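J.: Have a look at the structure that comes next, please.
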Amino acid sequence: MNQETPATTTPETEEAKPGAARPARRPSPQQVPASLVPESGWHFLHLFYHVDRNLMLDLDREDLRLGREAFVEILGTKPEGVAQLQTFAVPGHKADFGIMLAGPDLKAVHSVETALAASPLGPALTPSYSFYSITEVSEYVPDAEQYAAILRDREKLDPESPMFQAKVSSYAERLGPMNQHRLYPEFPDWPCFCFYPMSKMRQGDQNWYLLPFEERSELMAQHGRSGMAYAGKVSQVITASTGLDDWEWGVTLWARNPLFLKDIVYTMRFDVSSAKYALFGDFYFGYFLPPEELLATLRI
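In my numbering, the protein residues as written are 791 to 1090.
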């Protein structure tokens, strides 16, 4: 560490780095209560499992019956502190089934995972992948005042024009519900979804984090406009995982039809923010089933 650099920096002592947004003023450590509950947003957990058929054969008839009952009991109801829960089957070899959970209480969210592991079926359920993240409102989502500046400076609209006023008013009305969905999403009752982790590039001339904030913001706005073409067909939640998991974000897309998942991901690959600056992990596709039907589909 450079000896001239303070060991602890604050927004007042830390100089702005190239491309960085201005850091928000934060309370001192003495003012921040210790808690597992996010100040805003929910914990988000994706769990994927394989069924070990060899270990399943070791279960006697009674253990298998009890295991099925426990599976339905654990996954058929949401414990207090878990706001959203969905179970799904996964075609292909990446996993056999999975669980998606969200809620304010990390211990409650985690308890679903541990309860399943401790159930009679637990020894035969091998975790194949997991991803932990927290819901957020992206720094690239402008507030109403920032949106007005975008209309004025980028789109060259006259602030006194009826069109300008109508656009700002409409955006201000939509912003609250949109941010509510980003932070506290209600899982759609749609038939299928896909999940994938992603990060931004940090090498050579493809270093996202060295771009000016304004350029990053415009690239993300372009990305968002591409996705708007799928309104009513696809619903998304972007969750943050920097420092929490191996990737920087998790992307969860629900769709009314699997074809829409393919189409939206393909379309958005051509955006510069994706084509030049994005890294993607494995994609997981699944279709939703209640626990009883999931057991039947898995032939347990």
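The beta-carbon is built from N, C-alpha and C at its ideal position, and this holds for glycine as well. A quick note: this is a predicted structure, and the numbers were derived from the prediction, not measured.
Going by the beta-carbon positions, is the gap between P1002 and W1039 smaller than 8 Å?
T.: For the purposes of this step, residue 1002 is taken as residue 212 along the sequence shown, with counting starting at 1. For the purposes of this step, residue 1039 is taken as residue 249 along the sequence shown, with counting starting at 1. No.
J.: Please classify Q820 as buried or exposed, where buried requires at least 16 neighbouring CB atoms within 10 angstroms.
T.: Residue numbering aside, residue 820 sits at position 30 when the sequence shown is read from its first letter. Classification for Q820: exposed.
J.: Which of helix, strand or coil does DSSP assign to L912?
T.: Indexing the sequence shown from 1 puts residue 912 at position 122. In the sequence under discussion, the amino acid at residue 912 is Gly, which differs from the Leu named in the question. It is helical.
J.: Pull up the distance between the alpha-carbon of D1036 and that of L854, whole angstroms please.
T.: Position 246 of the sequence shown, counted from the start, is the residue given in the question as residue 1036. Position 64 of the sequence shown, counted from the start, is the residue given in the question as residue 854. Those two C-alpha atoms are separated by around 35 Å.
J.: To which residues of the same chain is E976 closer than 8 Å at the C-beta, ignoring the five residues directly before and after it?
T.: Numbered from 1 along the sequence shown, position 186 holds the residue referred to as residue 976. Same-chain partners within the cutoff: Q874.
J.: Looking at F838 and Y930, is the spacing between their C-beta atoms short of 8 Å?
T.: On the sequence shown, position 140 is the one that residue 930 refers to. On the sequence shown, position 48 is the one that residue 838 refers to. No; because the gap between Cβ atoms is not below 8 Å, this pair is not in contact.
J.: Confirm, please, whether the CB-CB distance from L973 to S825 is below 8 Å.
T.: Residue 825 sits at position 35 when you count from the first residue of the sequence shown. Residue 973 sits at position 183 when you count from the first residue of the sequence shown. It is not a contact, given that the beta carbons lie outside the stated cut-off.
J.: Can you tell me where the beta strand (DSSP E) with L837 in it begins and where it stops?
T.: In the sequence shown, the residue the question calls residue 837 occupies position 47. Counting along the chain, the beta strand (DSSP E) containing L837 begins and ends at H833 to V841.
J.: Quick one: Cα of G1071 to Cα of A1065, how far?
T.: Taking the first residue of the sequence shown as position 1, residue 1071 is located at position 281. Taking the first residue of the sequence shown as position 1, residue 1065 is located at position 275. Answer to the nearest angstrom: the Cα atoms are 14 Å apart.
J.: Name the DSSP beta bridge partners of F887, please?
T.: As a working mapping, residue 887 is identified with position 97 in the sequence shown. Paired residues: Y839 and A879.
J.: Looking at W1044 and T925, is the spacing between their C-beta atoms short of 8 Å?
T.: Numbered from its first residue, the sequence shown carries residue 925 at position 135. Numbered from its first residue, the sequence shown carries residue 1044 at position 254. Not closer than 8 Å, so no.
J.: Would you check if the distance between the CB atom of P910 and the CB atom of L849 is smaller than 8 Å?
T.: Residue numbering aside, residue 910 sits at position 120 when the sequence shown is read from its first letter. Residue numbering aside, residue 849 sits at position 59 when the sequence shown is read from its first letter. Contact: yes.
J.: Grouping DSSP H, G and I as helix and E and B as strand, with all else coil, what is Y974?
T.: In the sequence shown, residue 974 corresponds to position 184, counting from 1. Coil.
J.: Mind checking who W1039 pairs with in its DSSP beta bridge?
T.: As a working mapping, residue 1039 is identified with position 249 in the sequence shown. DSSP output for W1039 lists M988 and A1030 as bridge partner(s).
J.: Work out the CA separation of S1025 and S1016 for me, nearest whole Å.
T.: Here residue 1016 refers to the residue found at position 226 when the sequence shown is read from its first residue. Here residue 1025 refers to the residue found at position 235 when the sequence shown is read from its first residue. Near 13 Å, if we compare the C-alpha coordinates of S1025 and S1016.
J.: Do Q1012 and S928 have their C-beta atoms within less than 8 Å of each other?
T.: Taking the sequence shown and counting its residues from 1, the one referred to as residue 1012 is at position 222. Taking the sequence shown and counting its residues from 1, the one referred to as residue 928 is at position 138. In this structure, S928 does not lie closer than 8 Å to Q1012 by Cβ.
J.: Count the other C-beta atoms from every protein chain shown that fall within 10 angstroms of the C-beta of G1022, then say buried if there are 16 or more, exposed otherwise.
T.: Position 232 of the sequence shown, counted from the start, is the residue given in the question as residue 1022. Counting Cβ neighbours within 10 Å, G1022 comes out exposed, since fewer than 16 surround it.
J.: Assign S830 to one of three DSSP states: helix, strand, or coil.
T.: Numbered from its first residue, the sequence shown carries residue 830 at position 40. Of the three classes helix, strand and coil, the one that applies to S830 here is coil, per DSSP.
J.: Nearest by alpha-carbon distance to N997: which of P1080, F1078, L1034 and Y1067 is it?
T.: Residue 997 sits at position 207 when you count from the first residue of the sequence shown. Minimum Cα distance to N997 is reached at Y1067.
J.: Which same chain residues, not among the five before or five after G857, have their C-beta less than 7 Å away from its C-beta?
T.: Taking the first residue of the sequence shown as 1, we reach residue 857 at position 67. Here the set comprises L849, S909, P910 and L911.
J.: Do G893 and G871 come within 8 Å of each other at the CB atom, strictly closer than that value?
T.: Taking the first residue of the sequence shown as position 1, residue 871 is located at position 81. Taking the first residue of the sequence shown as position 1, residue 893 is located at position 103. It is a contact, given that the beta carbons lie within the stated cut-off.
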